[in-house]
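Enquirer: Residue numbers (the working numbering), protein chains in the order written: chain A, 466 to 897; chain B, 13 to 265.
Heads up, the beta-carbon is just placed ideally off N, CA and C, and yes, glycines get one too.
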Amino acid sequence: MVMISSWGRLEQKEHRISALSDRAQIARELSTHKPGIAYGMGRSYGDECLNPEGCLWLTAGLNQFIQFDHATGHLTCESGVTLRDIQRLLAPRGWMLPVTPGTQMVTVGGCIANDVHGKNHHRYGSFGDHVLRVKLQRTDGSVIDCGPNHAPEWFSATVGGLGLTGLITEAEIQLRPIMGPWLDTETIAFDSIDEFFPLSDNSERDCEYTVAWVDCTSRHTNRGLFMRGNHNADTTWPMSSKKPITVSVVPPISLVNKLSLRPFNAAYYYSKKWFARKASTFYEGFFYPLDNVLEWNRMYGPRGFYQYQSVIPMDEGADATKEMLRQIARSGDGSFLAVLKTFGTRKAKGMLSFPMHGVSLALDFPNRNGQTHALFERLDAVVRETKGRVYPAKDARMPRELFEAGFPRISEFLPFRDPGISSAMSRRLLGA
Amino acid sequence: MTVQDRMKRIAIVGATSAIATHCTRLWLCDAPAELILIGRSPGGLARLMADLRVRSPESVIRMVAANFVEPVAIRSLVDRLFEDGPIDIALIAHGNLPDQQQCQADLAVGAEAITVNGLSPVLFAEAMAGHMEKLDAGTLIVIGSVAGDRGRKSNYVYGAAKGLVGRYVQGLQHRLAKTSVKVTLIKPGPTETPMTTHLKQQGMPLAPVEDVAKAIVDGVAEGKRTVYAPRKWALVMMVIRHLPHFIFARMNI
Chain A
466 MVMISSWGRL
476 EQKEHRISAL
486 SDRAQIAREL
496 STHKPGIAYG
506 MGRSYGDECL
516 NPEGCLWLTA
526 GLNQFIQFDH
536 ATGHLTCESG
546 VTLRDIQRLL
556 APRGWMLPVT
566 PGTQMVTVGG
576 CIANDVHGKN
586 HHRYGSFGDH
596 VLRVKLQRTD
606 GSVIDCGPNH
616 APEWFSATVG
626 GLGLTGLITE
636 AEIQLRPIMG
646 PWLDTETIAF
656 DSIDEFFPLS
666 DNSERDCEYT
676 VAWVDCTSRH
686 TNRGLFMRGN
696 HNADTTWPMS
706 SKKPITVSVV
716 PPISLVNKLS
726 LRPFNAAYYY
736 SKKWFARKAS
746 TFYEGFFYPL
756 DNVLEWNRMY
766 GPRGFYQYQS
776 VIPMDEGADA
786 TKEMLRQIAR
796 SGDGSFLAVL
806 KTFGTRKAKG
816 MLSFPMHGVS
826 LALDFPNRNG
836 QTHALFERLD
846 AVVRETKGRV
856 YPAKDARMPR
866 ELFEAGFPRI
876 SEFLPFRDPG
886 ISSAMSRRLL
896 GA
Chain B
13 MTVQDRMKRI
23 AIVGATSAIA
33 THCTRLWLCD
43 APAELILIGR
53 SPGGLARLMA
63 DLRVRSPESV
73 IRMVAANFVE
83 PVAIRSLVDR
93 LFEDGPIDIA
103 LIAHGNLPDQ
113 QQCQADLAVG
123 AEAITVNGLS
133 PVLFAEAMAG
143 HMEKLDAGTL
153 IVIGSVAGDR
163 GRKSNYVYGA
173 AKGLVGRYVQ
183 GLQHRLAKTS
193 VKVTLIKPGP
203 TETPMTTHLK
213 QQGMPLAPVE
223 DVAKAIVDGV
233 AEGKRTVYAP
243 RKWALVMMVI
253 RHLPHFIFAR
263 MNI
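(1) Among B/Ser-53, B/Arg-162 and B/Leu-89, which one has its Cα closest to the Cα of B/Met-250?
(2) Give the DSSP bridge partners of A/Cys-542, in chain order.
(3) Any chance you could list the alpha helix (DSSP H) runs of at least 4 consecutive residues sitting entirely within the stretch 161-226 of chain B, in chain order?
(4) Pull out every residue of the stretch 198-219 of chain B whose Cβ sits closer than 7 Å to any Cβ of chain A, in chain order.
(5) Indicate whether A/Glu-635 and A/Cys-542 have their beta-carbon atoms separated by less than 8 Å.
(6) For the stretch 467-499 of chain A, enumerate the residues whose C-beta is nearer than 8 Å to any C-beta of chain B, in chain order.
(7) Flag this pair as yes or no: are the beta carbons of B/Lys-199 and B/Ser-157 separated by less than 8 Å?
(8) Looking at chain B, is there any beta carbon in it that lies within less than 8 Å of the beta carbon of A/Leu-554?
(9) Just list the residues that DSSP pairs A/Phe-808 with in beta bridges.
(10) Does any residue of chain A bring its CB to less than 8 Å from the CB of B/Asp-63?
(11) Assign A/Cys-681 to one of three DSSP states: helix, strand, or coil.
(12) Would you say the beta carbon of A/Lys-787 comes nearer than 7 Å to a heavy atom of the ligand NAP?
(13) Any idea if B/Ala-23 is buried or exposed, counting beta-carbon neighbours within 10 angstroms, 16 or more meaning buried?
(14) Checking 8 Å against the spacing of the C-beta atoms, do A/Gln-774 and A/Lys-859 come in under that value?
(15) Suppose you measure from the CA of A/Met-816 to the CA of A/Phe-620; what does that come to, to the nearest Å?
(16) From A/Arg-588 to A/Asp-699, what distance separates their C-alpha atoms?
(17) Tell me whether the stretch 646-654 of chain A and the stretch 724-744 of chain A touch, counting them as touching only if at least three CB pairs, one residue from each stretch, are closer than 8 Å.
(18) Nearest-angstrom Cα distance between A/Pro-709 and A/Asn-757?
(19) At least one CB of chain B closer than 8 Å to the CB of A/Phe-533: is that the case?
(20) Residues of chain A with a CB under 7 Å from the CB of B/Gly-55: which are they?
(21) Taking buried to mean at least 16 other C-beta atoms within 10 Å of its own C-beta, is B/Ile-259 buried or exposed?
(22) Under the rule that 16 or more other beta-carbon atoms within 10 Å means buried, what is B/Cys-41, buried or exposed?
(23) Assuming B/Val-224 and B/Val-232 make a contact with CB atoms under 8 Å, what is their CB distance in whole Å?
(24) When you compare the CB of B/Arg-67 with every CB in chain A, is at least one pair closer than 8 Å?
(25) Given B/Val-229, which residues of its chain have a CB within under 6 Å of its CB, disregarding the five upstream and five downstream residues?
(26) Got a sec? Which residues, its chain only, sit under 8 Å from A/Asn-695 by beta carbon, not counting five neighbours each side?
(27) Determine, for A/Gln-836, whether the minimum Cβ-Cβ distance to residues of chain B falls below 8 Å.
(28) Three-state secondary structure (DSSP) at B/Asn-108?
(29) Over what stretch of residues does the alpha helix (DSSP H) that includes A/Cys-576 continue unbroken?
(30) Is the beta carbon of B/Leu-218 closer than 8 Å to that of B/Pro-202?
Below is the structure:
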């Protein structure tokens, strides 16, 4: 038994582990150690990758590439390969992942199972839109090959399928060509949420990447920083990359708290507003700012933290976002990593994919138990009323009815589940 | 033709082992190479070869499925490698972690453990060393273990085999001291690999294999004779080696 927690560090629970490394052995490992759930880099925040008292299939050892076609950009690899492995190996050869989330310390399998999105959703959709083929190992020993044009119903269940349709062992991904590793980026300060929406609309026409940071501790209005960018043609490579720093201890209390948050947010806002406008930014710094602080999740202290990410349909997006920020301000709880982003109109491939046309707000809160949960209930009410949804990859607590309301294709999804797979999240949200 | 003009030739025995795989990846990050992957499982070797070809398309890679215990087979395999040209780096990395209790209960298990972890690497090293000595060139890397530094009740059969490797490398370094051949003994601490999953299950802290491989590749590049990986194990093992018996005897390690 090994104590394992997820990225939110809310609780550590005992698990049996089965470390997968040789893909020829996976079928046997799964049939002898079940029920279980895949665990890659442990970057999902809540209980999606946990299975207390049960088994975890560790996929980090499935880190082999299988094939790369330099002419077409088709990459086939094992599911435990991280996005960082791919970017660092292939970006110098002119190919990059078309969609990448805010960290590259995640596995290909995890990105498929959560159908993750990035700052360019309005142009490139989500991760599943670029997956050509997935190989699923079922716990009964069978293997299912699926893709958008081959066994598409299995593919649609597996993309965003929370790891519940089988263990993803391999995937084939379409990469995109790039000229170089640099982006022209621009940071624009805004004074209120009302300024965000026109800014976002205008930027999406000309910019591939758009995202905003919101200072939810600022009193009346919600000021923030809008960031946008495009790949440029600079083909030079930096000589050496910065060495990351590590949060090596867990502080006794959360360093993100009432006292620290307001001055920290203000300092961040003004430093960006005054000093950083237009720049040429290396892709790692632009896509993955937090990857330079290893184990940053420790700064929330021993009780861990929650993420709350929702998407609200576009028509109600502005009002709902304002209402949610108002609730947060009223609660006195704050969020440092408050991220606002609009999603484009492309329909996601997965039955349980999170992205939909609308406005997504992501927030983090140090765990303060009852107080934090009370706030979540008020946020839930807004999501429920506007027919939005909460992102399972970040979730550790949403009520089952909210999940069911947000993901209407659940009953279509259920027949594709592997009965030998179960997670803390599947038991919480699907009852098994 | 000097090494600078051509690709390095690297032979890896036990190429599919996690530590060897990660060392190979690091070497290929520096420059493409000519690789000879030697192992027991043709399937595992083929998968590794495909992976390395994606990582380094300019490298020339081939695989050899081999017998690891038969002295005549080892000799002829190594002779053939050197017939094709000099080997610049030979990494001998194969082994397994036997269960100490089983080694005590069943002498056949103990014999197998000592053969695979002690005798076999030594035979490979001896075969390689002869050629390297004649050419007066080459780097020979042999993986031992911190377990070889002092016998402990929890794994002394494995420790004895690795101790054998350590003493053998010491002698080989003495023999080749006046040549240009470099011989390095690697002593990894407990490392997170498929070989140690059961230790992880018991909650033992294990070093990430990437860190161990980095320590090995850096240590070899610096020309060290002995490399503890990660480096902290040099200090830990110095203490353990020097503990007086009356204290050591009380320790449950």
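Expert: Considering the structure as presented:
(1) B/Arg-162
(2) A/Phe-530 and A/Ala-636
(3) 168-187 and 209-213
(4) Pro-206, Thr-209, Lys-212, Gln-213 and Gly-215
(5) yes
(6) Val-467, Met-468, Arg-481, Ile-482, Ser-483, Ala-484, Ser-486, Asp-487, Arg-488 and Ala-489
(7) yes
(8) yes
(9) A/Gly-823
(10) yes
(11) coil
(12) Here there are no bound small molecules, and the ligand NAP is not part of this structure.
(13) buried
(14) yes
(15) 9 Å
(16) 22 Å
(17) yes
(18) 4 Å
(19) yes
(20) Ala-489
(21) exposed
(22) exposed
(23) That pair is no contact at about 13 Å.
(24) yes
(25) Cys-35 and Leu-38
(26) Leu-648, Asp-649, Asp-671, Cys-672, Glu-673 and Tyr-674
(27) no
(28) coil
(29) 573-578
(30) yes
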